[in-house]
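Residue 31 in UniProt numbering sits at position 31 of the sequence shown, with consecutive numbering throughout. Quick reminder that beta carbons are idealized off the backbone N, C-alpha and C, glycines included. The model shown is predicted, which means the values in this text are computed figures rather than measured ones.
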Amino acid sequence: MSDYQARISGPLMDRIDIRIDVPAVSAADLIRPMATEASADVARRVARAREIQQGRFESTGAKGIGTNARCSTAMIEKMAEPDASGLQLLRDAAEKMKFSARGYHRVLKVARTLADLDGKPTVGRMHLAEAISYRIAGEGLTAA
């Protein structure tokens, strides 16, 4: 698997917004009951987040844009507007981890989506921290 991942170019990997490691699940973990959010609840949160996004873009007159993923870099900078501590976290992470411009804006889009899923009008530090964690989770997978 690592040989395959090593062949993924940097520019292609830069286009992958969410990178997570999914370890194998043991039999004991499968048997043990877990406290999780019900699928119906998740579906409702996602539907509500999509409604929020569609309403946001309709109010700006942006045609053909219904989700954060589809908006331009200039638009996401206006729509995301992180709080001061979140913006500082993003700047520090972008500098330390050498995010490309594309990577920087993709983190903003994911953070805006996380805030929408939480029903929050403002992108906070915790949304940015989570978005950054999804971005760097696959850093060990990058090559070329």
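query, result
"Entirely within the UniProt domain \"Mg chelatase-related protein C-terminal\" (37-135) and at least 4 residues each: give me those alpha helix (DSSP H) ranges in chain order.", "39-59, 73-80, 84-96, 101-118"
"Quick one: using the 10 Å Cβ neighbour count with 16 as the cut-off for buried, is ALA143 buried or exposed?", "Confidence at ALA143 is low in this model, with a pLDDT of 38, below 50, so the placement of that residue is unreliable and no value is reported for it."
"Look at the alpha carbon of GLU77 and the alpha carbon of LEU87, and state the distance between them as a whole number of angstroms.", "11 Å"
"For HIS105 versus LEU114, is the C-beta distance shorter than 9 Å?", "no"
"Label ARG135 either buried or exposed according to how many other C-beta atoms from any shown protein chain fall within 10 Å of its C-beta, with 16 as the threshold for buried.", "buried"
"Is ILE18 buried or exposed, if buried means 16 or more other CB atoms sit within 10 Å of its CB?", "exposed"
"Would you tell me roughly how many angstroms separate the C-alpha atoms of ALA101 and THR73, rounded to the nearest one?", "9 Å"
"Which residue wins for smallest C-alpha separation from LEU90, given the options GLN54, ALA129, ARG45?", "ALA129"
"Is it right to say ARG56 is buried, meaning 16 or more other beta carbons lie within 10 angstroms of its own, or is it exposed?", "buried"
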